[in-house]
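Chemist: Each residue of the sequence shown is one higher than the one before, starting from 1 at the first, in full-length UniProt numbering. We treat Cβ as the ideally placed atom computed from N, Cα and C, and that holds for glycine. Small disclaimer: the values here were computed from a predicted structure and weren't measured. Here it is, the structure, as C-alpha cells.
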Amino acid sequence: MAADGGPGGDPAAGELDHATAVFAEVRPRLFGIAYRMLGSATEAEDLVQDVWLRWQTYDRAAVADPAAFLATTITRLAINVLQSARVRRESYVGPWLPEPVDTGADPYLGAERGEALNLAVLMLLERLSPTERAAYVLREAFDYPYPQIAEILQAGEPAVRQLVSRARKHLRSERRAPVTGAEQRRLLTAFVAAARAGDLAALEEILAADAVSYSDGGGAVRASRFPVVGAVRVAKYVRAFANHFWDGVDVEWATVNGQYAALLQRDGRTFTVLTVDATDQGIGQVLWMMNPAKITAASTAA
Numbered sequence: 001m002a003a004d005g006g007p008g009g010d011p012a013a014g015e016l017d018h019a020t021a022v023f024a025e026v027r028p029r030l031f032g033i034a035y036r037m038l039g040s041a042t043e044a045e046d047l048v049q050d051v052w053l054r055w056q057t058y059d060r061a062a063v064a065d066p067a068a069f070l071a072t073t074i075t076r077l078a079i080n081v082l083q084s085a086r087v088r089r090e091s092y093v094g095p096w097l098p099e100p101v102d103t104g105a106d107p108y109l110g111a112e113r114g115e116a117l118n119l120a121v122l123m124l125l126e127r128l129s130p131t132e133r134a135a136y137v138l139r140e141a142f143d144y145p146y147p148q149i150a151e152i153l154q155a156g157e158p159a160v161r162q163l164v165s166r167a168r169k170h171l172r173s174e175r176r177a178p179v180t181g182a183e184q185r186r187l188l189t190a191f192v193a194a195a196r197a198g199d200l201a202a203l204e205e206i207l208a209a210d211a212v213s214y215s216d217g218g219g220a221v222r223a224s225r226f227p228v229v230g231a232v233r234v235a236k237y238v239r240a241f242a243n244h245f246w247d248g249v250d251v252e253w254a255t256v257n258g259q260y261a262a263l264l265q266r267d268g269r270t271f272t273v274l275t276v277d278a279t280d281q282g283i284g285q286v287l288w289m290m291n292p293a294k295i296t297a298a299s300t301a302a
C-alpha cells in the first residue's frame, strides 16, 4: 500500500509522514533551544519528545509556519520547566552544574552560533529569570528577530529588547573575556598533568587568583559539597586527593559544549567529565561533573 496518500494510498498516513519529515528537519534546533535554556540534555530530550507528541495530535492544517510553531511550543514548555527547576536545584546536593554534551558528535548543537553553549555561560544563565533566559537564547544563539521573540514570549517588543539587554549586561559583568580554544586546551592539559602529579606550584601558577572549583556529584558519588574558592585553596584541595583519585585513571580528550574536556575513565568507564573556564588571568573555574546521571550525554565523546 502506498504511504504517500496517492491512488490506493492512505491520505492520513501520507500526511503523518509529511509531519514527521517537518519535525525531523527542525528537531536539532528544538533540542538546541531546550538544552541552552535548561542546561540539561536529559530534560531537553524529554521536552523534544513532548513537542513531538503534541505535533502529532495538533491541527497541523491550521499552522502556517511549522518551524515557528514548534520553536514557540518548546520555548514555552522550557520556561515552565525552568520555573519548577529552581525549586529542585535549591534542594540539590552540592553545586549544580549543567549537564555536559558531546558537541563533537552533535555538531549542529553549536553550528549556527556557539553562544549560550559554554558550561560557564550556562551557569551564569541560571541566575536569569526564565523569560530573560529564553529571550537571550533565542536572540544570541539562534538570531531570532525581536518581533518573533515577542510573539513567542507573548510580550511587547520593547520588553523583549530589555530582557536581552539585561541578560547581556549580566553576562558581561560576571564573566571576563575567555581565552582562545587553543589556550583553553593548553591550560586544561596542564591542569590535568599538575593535578595528577599533585604539583602544588604548577597548579597555583595556572590558576587565577580568584579561581573556583565546582564538583557536581549530586549526592550520588563522593564529591565536595561546597565550591572551593581561591587559587591557593583550590591547588591544595586538588593536591589533597591526588594520590587516590587518579589511581588507575585513563584520560581521554573530547569536545564538550564546544570546549576541550577531559573524560576521566577507570576500567573503561567514564566517571568524571573535567573541564576549565579560563581568561588571560589563568583558569577561573574548574568544573568536575561526577554525577553518573549527568555524564551520559558526554561519556561517549572520546
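Return yes when the Cβ of A150 is within less than 7 angstroms of the Cβ of E157, no when it is not.
Modeler: In the sequence shown, the residue the question calls residue 157 occupies position 157. In the sequence shown, the residue the question calls residue 150 occupies position 150. Yes, the Cβ-Cβ distance between E157 and A150 is below 7 angstroms.
Chemist: Would you call L287 buried or exposed, if buried means 16 or more other Cβ atoms sit within 10 Å of its Cβ?
Modeler: In the sequence shown, residue 287 corresponds to position 287, counting from 1. L287 is buried by the Cβ-count criterion.
Chemist: Along the chain, where does the alpha helix (DSSP H) that runs through V87 open and close?
Modeler: In the sequence shown, counting from the first residue as 1, residue 87 sits at position 87. Here the alpha helix (DSSP H) through V87 covers P66 to E90.
Chemist: Measuring CA to CA, which of W55, S129, V121 and P66 is closest to residue 345?
Modeler: Any answer about residue 345 is impossible in this case: the structure gives the chain only from 1 up to 302.
Chemist: Where DSSP assigns a beta bridge to R266, which residues make up the other side?
Modeler: Residue mapping note: residue 266 aligns to position 266 of the sequence shown, counting from 1. According to DSSP, which records beta bridges pairwise, R266 is partnered with R269.
Chemist: Helix, strand or coil: which one does DSSP assign to E126?
Modeler: Working through the sequence shown from its first residue, we reach residue 126 at position 126. E126: coil per DSSP, three-state reduction.
Chemist: For F226, tell me which candidate among V48, A194, V212 and F241 has the shortest Cα-Cα distance.
Modeler: Translated into the one-based positions of the sequence shown, residue 226 becomes position 226. The candidate whose alpha carbon is nearest that of F226 is V212.
Chemist: Here's the rule I'm using: 16 or more other beta-carbon atoms within 10 Å means buried, otherwise exposed. How should E183 be labelled?
Modeler: Taking the sequence shown and counting its residues from 1, the one referred to as residue 183 is at position 183. Exposed: under 16 other Cβ atoms inside 10 Å.
Chemist: Rounded to the nearest angstrom, how far is the Cβ of T270 from that of L264, given a contact under 8 angstroms?
Modeler: Looking up residue 270 in the sequence shown gives position 270. Looking up residue 264 in the sequence shown gives position 264. T270 to L264, Cβ: 7 angstroms. Contact.
Chemist: Check whether the Cβ atoms of L117 and G284 sit closer than 7 angstroms, and answer yes or no.
Modeler: Working through the sequence shown from its first residue, we reach residue 117 at position 117. Working through the sequence shown from its first residue, we reach residue 284 at position 284. Cβ atoms of L117 and G284: not closer than 7 angstroms.
Chemist: Below 7 angstroms between beta carbons: does that hold for A141 and E99?
Modeler: As a working mapping, residue 141 is identified with position 141 in the sequence shown. As a working mapping, residue 99 is identified with position 99 in the sequence shown. No; because the gap between Cβ atoms is not below 7 angstroms, this pair is not in contact.
Chemist: Could you tell me the distance, in whole angstroms, from the CA atom of A231 to the CA atom of E90?
Modeler: Reading the sequence shown from its first residue, position 231 is the one you call residue 231. Reading the sequence shown from its first residue, position 90 is the one you call residue 90. Rounded to the nearest angstrom, the two C-alpha atoms are 27 angstroms apart.
Chemist: Our contact map puts R266 next to V249 with C-beta atoms below 8 angstroms; I'd like the distance itself, whole angstroms only.
Modeler: In the sequence shown, the residue the question calls residue 266 occupies position 266. In the sequence shown, the residue the question calls residue 249 occupies position 249. The pair is a contact, with the Cβ atoms about 6 angstroms apart (cut-off 8 angstroms).
Chemist: Going by other Cβ atoms of all chains shown within 10 Å of its Cβ, with 16 needed for buried, is A3 buried or exposed?
Modeler: Here residue 3 refers to the residue found at position 3 of the sequence shown. Bear in mind that the predicted position of A3 carries a pLDDT of just 43, short of 50, making it unreliable; the figure below should be weighed with that in mind. Result: exposed.
Chemist: Enumerate in chain order the residues of its own chain whose CB-to-CB distance from V87 is below 8 angstroms, with the five nearest sequence positions on each side excluded.
Modeler: By 1-based counting over the sequence shown, the position of residue 87 is 87. Excluding positions up to five away in sequence, the list is empty.
Chemist: Is DSSP giving Q154 helix, strand or coil here?
Modeler: The sequence position of residue 154 within the sequence shown is 154, counting from 1. It is coil, neither helix nor strand.
Chemist: So the candidates are K236, D280, L30 and S173; which of them puts its Cα closest to the Cα of A134?
Modeler: As a working mapping, residue 134 is identified with position 134 in the sequence shown. The shortest C-alpha separation from A134 is found at L30.
Chemist: Give a yes or no on whether the C-beta atoms belonging to A67 and V26 are separated by under 7 angstroms.
Modeler: For the purposes of this step, residue 67 is identified with residue 67 of the sequence shown, where counting begins at 1. For the purposes of this step, residue 26 is identified with residue 26 of the sequence shown, where counting begins at 1. Yes; because the gap between Cβ atoms is below 7 angstroms, this pair is in contact.
Chemist: Tell me, please, which residues DSSP counts as bridged to W288.
Modeler: What you label residue 288 is simply residue 288 of the sequence shown in a count that begins at 1. For W288, which the question treats as bridged, DSSP gives the partners S215 and L274.
Chemist: Quick one: using the 10 Å Cβ neighbour count with 16 as the cut-off for buried, is I295 buried or exposed?
Modeler: As a working note, residue 295 is residue 295 in the sequence shown. Classification of I295: buried, given that the 10 Å Cβ count is 16 or more.
Chemist: Do R60 and A19 have their beta-carbon atoms positioned less than 7 angstroms apart in this structure?
Modeler: Translated into positions along the sequence shown, residue 19 becomes position 19. Translated into positions along the sequence shown, residue 60 becomes position 60. Cβ distance < 7 angstroms, so A19 and R60 count as in contact.
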